[in-house]
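With the numbering used here applied, the sequence shown corresponds to residues 837 to 1035, in that order.
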Amino acid sequence: MLFIHNLFSNPTGFFTTVTIVVISVMLHELAHGYMALSQGDDTPRVSGHLTLNPIRLLSWQSLVFLCVAGLAWGQMPVNPTRFRWGKLSSILVFVAGPLANLAIGFLLIGLYKFSALLNLAHPEILLLASQINLVLFLLNLLPIPPLDGFQVLCEIIPPLSSLQRNRWALFMLMIILLIPAFGTGLSTAARSMISAAIA
């Protein structure tokens, strides 16, 4: 069943999830951008991608795909030739996004643990947001083009970069992500991380 069916069966859940995913992907991309800036590359700033505009960071195609299928991707242009430490800088830039999602995920778990003290009205939203961020973290660790995990692997094993230029790479990734068992596995792993952190 496509994600967009939730718009009619559970509109509140639909818009809550879309909002969380958009914000999480934006923060992921901004982490890439600011890390690139710290490594000597001002391309993210010059290109106007250090912004809170979701159209700029996700593109309208990604937003449409998110609403229909529940999947989204971001974009943050960088110029590796400007990095001050070469491959090390590239690796730092690539891991910045997933690590941002990991940090956000555990920060939200921390807030959830104090939700009663903070008198939060809907603490379950914190767990949903944490799960989404941890799924993004786990997903981007996978060595599949064009995910961050694959980008890091390319820096370690340069010949693999030829796969990155394959025009079917993104399409194949979308197919993999649409396999129910794949998404279920990532969600289960994320929930296990949350349970361990809450315990």
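All C-beta atoms, glycine included, are put in the ideal place defined by N, C-alpha and C.
Residue interval of the alpha helix (DSSP H) (run including residue i)
i, result
"PHE851", "847-874"
"ALA952", "951-954"
"PHE839", "Run containing PHE839: none; DSSP gives neither H nor E here."
Where residue i sits in the DSSP three-state scheme
i, result
"SER1028", "helix"
"GLY884", "coil"
"ARG1001", "coil"
"GLY922", "coil"
"GLY906", "coil"
"GLN911", "coil"
"LEU1022", "helix"
"ILE980", "coil"
"ILE993", "coil"
"SER895", "coil"
"LEU1009", "helix"
"ASN969", "helix"
"LEU1036", "Nothing in the structure corresponds to residue 1036, since the chain is present only between 837 and 1035."
"ASN937", "helix"
"ILE1015", "coil"
"PRO959", "coil"
Residue i vs residue j beta-carbon contact at 7 Å
i, j, result
"LEU1006", "LEU996", "no"
"GLY941", "LEU970", "yes"
"LEU962", "LEU944", "yes"
"ALA1017", "VAL929", "no"
"ASP877", "PRO934", "no"
"ASN937", "HIS864", "yes"
"MET931", "PRO890", "It should be noted that the sequence gives Val, not Met, for residue 931. Not a contact, by the Cβ cut-off of 7 Å."
"LEU972", "SER845", "no"
"ALA986", "PRO994", "Looking at the sequence provided, one finds Phe at residue 986 rather than Ala. No. Outside cutoff."
Closer than 6 Å: residue i CB and nearest the ligand FAD heavy atom
i, result
"LEU938", "Although the ligand FAD was asked about, the structure shown includes no ligands whatsoever."
Cα-Cα separation between residue i and residue j, rounded to whole angstroms
i, j, result
"GLN875", "LEU956", "39 Å"
"GLU960", "TYR948", "8 Å"
"ALA867", "SER895", "17 Å"
"SER966", "LEU902", "18 Å"
"ILE1012", "GLY1019", "9 Å"
"VAL914", "LEU886", "11 Å"
"VAL854", "GLY906", "8 Å"
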